[in-house]
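In full-length UniProt numbering, the protein residues as written are 1 to 262. Think of the CB as a built atom: it goes at the ideal place given N, C-alpha and C, for glycine as much as any other residue. These numbers were taken from a predicted model, which means no experiment stands behind them.
Printed below as a string of structure tokens:
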């Protein structure tokens, strides 16, 4: 697990910038389209710093059980620290998605928000998620359905200023958006797909430099030097000019929401 471990600083930047701009709004949009059974046992897989887990905790009625699981211990540690005291309790665990520490049929409902594209063995991950769901348990899975204009602009700027490897890294979260491939994986793991919805959210942020430097490509930009980093930010700002509203960027971002039954 150590080679995947994020630093505490990286986890904090993710929570400070990516969660309010993107993952928080996506979590709320997903929960707005979800009925949480009172007293349900719910797991949030690839929970990060707990954006969706906290949203579940704010909405779940009854006793129930909420778990957030993520490969990165730094993420789950921060998620536990950030969990509100006035919401439903939640437990956060660091675990590989292919070897979750739960008995078969432990959960009524599983969420996986923007995690599938990062799982090295996607088929094994989905099979394991199905194992921990009860018979007729439900999986809510989101994957980006199109490259965000923000990441597209960033990728182009990085390709011009830094190189192809950094450019590809900026597009990596959007690399797994073929609906048929996702459907085939779900069905291959034994799920029955009940619905697929489209979610369009607004990614809002004020500080473009901080938004970029909160991403994994920060390392590439630091190594390239301040002049290159500033040139990338200037280039991205020009490309996103039409999305600027006063001092805020409002950039559309599209996702699939798959609803599947175990």
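In the three-state reduction of the DSSP assignment, residue 206 falls in the coil class, being assigned neither a helical nor a strand state. The DSSP-derived three-state label of residue 254 is strand. By the neighbour-count criterion, in which 16 or more other beta carbons inside 10 Å mark a residue as buried, residue 67 falls on the buried side. Its chain contains 8, 11, 12, 15, 49, 50 as the residues whose beta carbon lies nearer than 8 Å to that of residue 78, once the 5 sequence neighbours on both sides are disregarded; these appear in chain order. Look at residue 103 here: in three-state DSSP terms it is coil, with no helix or strand label. Taking one beta carbon from each stretch, the segment 117-124 and the segment 80-91 have fewer than 3 pairs nearer than 8 Å; the two do not touch.
Secondary structure note for residue 69: its beta strand (DSSP E) is the uninterrupted segment 65-70.
Residue 155 and residue 38 have their alpha carbons spaced roughly 43 Å apart. The beta carbon of residue 198 sits closer than 8 Å to the beta carbons of 145, 254, 255, 256, 257 from its chain, once the five residues preceding and following it are set aside; these are given in chain order.
With contacts defined by Cβ atoms closer than 9 Å, residue 56 and residue 70 do not form a contacting pair. According to the DSSP assignment, residue 228 belongs to the alpha helix (DSSP H) that extends over 226-239. Assignment of residue 114 by DSSP, reduced to helix, strand and coil, places it in the coil class.
Beta-bridge pairing by DSSP links residue 56 to no other residue.
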